[in-house]
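To start, the structure under review is shown below, and the notes come after it.
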Amino acid sequence: MGVGVMALMLGSAAGTSAAEAEGTPTFAKDIAPIFYDNCVACHRPNHLAPMSLISYEDARPWARAVKSKVLAREMPPFFADTSVRG
Numbered sequence: 019m020g021v022g023v024m025a026l027m028l029g030s031a032a033g034t035s036a037a038e039a040e041g042t043p044t045f046a047k048d049i050a051p052i053f054y055d056n057c058v059a060c061h062r063p064n065h066l067a068p069m070s071l072i073s074y075e076d077a078r079p080w081a082r083a084v085k086s087k088v089l090a091r092e093m094p095p096f097f098a099d100t101s102v103r104g
């Protein structure tokens, strides 16, 4: 995940058809696939991480913190086993 991804998340609309028609990034189309590939193995309800990133409603309050952690290369953690999808 990079700076562009976090910029997309911060400016992302909830997924309205008007936004999609204009090419505006949406959570469902642009952010969720990245989160599902890199984050939700831990960031989901009742799992290792303290907050869920599964839905726009879950992730939006954490957008600035996610951006900060990704830019600082603190997330995803270097030791995370990417083969674990439990």
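For the sequence shown, our numbering gives the first residue as 19, with consecutive numbering after it. Ideal Cβ placement from N, Cα and C applies to all residues, glycine included.
Item: 8 angstroms Cβ cutoff met for Ala67 and Cys60; Value: yes
Item: Span of the alpha helix (DSSP H) around Ile72; Value: Element bounds for Ile72: n/a, residue is neither H nor E.
Item: Pair within 8 angstroms by beta-carbon distance, Ala77 and Phe53; Value: yes
Item: Exposure label - Pro43; buried when at least 16 CB within 10 Å; Value: buried
Item: Exposure label - Leu89; buried when at least 16 CB within 10 Å; Value: exposed
Item: Through-space distance from Glu40 to Ser106, alpha-carbon basis; Value: As displayed, the chain neither begins before 19 nor continues past 104, which places residue 106 out of reach and without an answer.
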